[in-house]
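The block underneath contains the structure these notes are about, expressed in structure tokens.
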Amino acid sequence: MGSYEKRTIGLLRRILRSSVHGYLTLLFGLASLGLVFGYASDSMYGVSHGVNLIAYWHVPLALVGGLALTVTFLGCVCYLVTGTRFWEQLAHGSAELGFVFATLTLVTGSAWGRVIWNTWWNWSDIRLVTFLFVWFIYAGYLIIYSSGGGAGRVSRLASVYGVIGFITVPISYASTRLWTARLHAPSVGNPDAEAAITASVLFVSLVAVLFLYLSLLAARVRLHELTTRVDSLKNRSRTETYKPTEEY
């Protein structure tokens with residue numbers, strides 16, 4: 033492990049072990065709840081309905097989920113290049129969270145779409161289809177890793193899969209600009225967007241979900257490291273306990 037890599041890992045561990053993001057998660061989470069239910073507009077796409085408030089968590093979940101999968105991609109690349117277990121553990125922990133956030137994005141989006149578009153799902157919408165494809169890709173990554181996480185060959189296979197599978201993430205997020213979208217029209221930089229989301233509330237919710245991701249990622253990485261230490265102690269104990277009988 034090179035000195036630059038050691039410094040980088042040391043910095044990331046200090047960030048993940050800090051208790052600051054836990055307190056910030058609580059602070060911004062409470063602020064998000066208060067603003068969403070007390071200040072945010074529930075009128076979107078020409079429809080006034082309480083379910084529109086889901087948007088203030090649906091959008092942050094989608095954005096932070098994409099960030100989590102980007103971290104997985106970078107962790108997989110670093111692991112393949114260096115072979116350092118920290119990158120593998122970071123990639124896997126972030127993939128778990130990215131998969132959970134992607135699942136919540138699909139669930140909240142379906143609930144929101146049922147009111148706005150009068151349908152739970154529409155196979156002709158490019159954003160829905162590509163995002164579901166992302167969900168299946170990372171379900172596959174987690175399945176591969178769970179088949180033997182920690183074993184060198186399986187870990188490298190999962191990392192290669194994580195690198196190749198990442199191509200689906202930017203395609204999904206850019207899909208509404210690459211192809212014609214039936215339901216999900218581009219909102220950023222689009223003056224004709226009809227969502228009318230209260231930007232300040234959306235920003236607070238985005239920060240809350242981001243700090244939640246950091247807190248959960250820190251917990252997952254620590255759990256990975258503890259599991260590695262326990263497995264190492266078990267193997268050492270078995271090695272020291274088993275001693276071949278000497279023949280005389």
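Note that the working numbering has the sequence shown beginning at 33, numbered continuously upward.
Where a beta carbon is used, it is the ideal one built from N, C-alpha and C, also for glycine.
Keep in mind that this is a model prediction, so the values were computed, not measured.
Exposed unless 16 or more other CB atoms sit within 10 angstroms - verdict on residue i
i	result
N84	buried
L67	buried
G166	Reading off the sequence, residue 166 comes out as Val, not Gly. Classification for V166: buried.
I196	exposed
F131	buried
W155	exposed
V175	A small correction: the amino acid at residue 175 is Ile; Val does not occupy that position in the sequence shown. Per the 10 Å Cβ criterion, exposed.
W144	buried
Residue i to residue j span [Cα, whole Å]
i	j	result
L160	Y71	29 Å
Y88	H81	14 Å
W149	L65	25 Å
P218	T259	Because P218 sits at a pLDDT of 49, beneath the cut-off of 50, its placement in the model cannot be relied upon, and the following sentence gives the value as read from the coordinates. Their Cα atoms are separated by approximately 43 Å.
I199	T230	31 Å
L93	G184	32 Å
A63	T162	32 Å
V241	L122	18 Å
L136	G42	32 Å
L59	L238	13 Å
R117	V79	50 Å
Three-state secondary structure (DSSP) of residue i
i	result
L99	helix
S204	helix
S156	coil
S73	coil
S179	coil
P218	The predicted position of P218 is uncertain, since its pLDDT is 49 and thus under 50; a value taken from the coordinates is nonetheless stated next. If DSSP states are grouped into helix, strand and coil, P218 belongs with coil.
S64	helix
S50	coil
Beta-carbon proximity of residue i to residue j, cut-off 8 Å
i	j	result
A100	L138	no
F243	T57	yes
A134	Y170	yes
S191	E120	yes
S126	T104	yes
Y245	V91	no
C108	G194	yes
E37	T114	yes
Y177	H256	no
Closer than 7 Å: residue i CB and nearest the ligand ADP heavy atom
i	result
F118	Looking at this structure, you won't find the ligand ADP or any other ligand, since it has none at all.
How about the stretch 42 to 54 and the stretch 244 to 254: do they share at least three Cβ pairs that are nearer than 8 Å? Because the criterion of three Cβ pairs below 8 Å is met, the stretch 42 to 54 and the stretch 244 to 254 touch.
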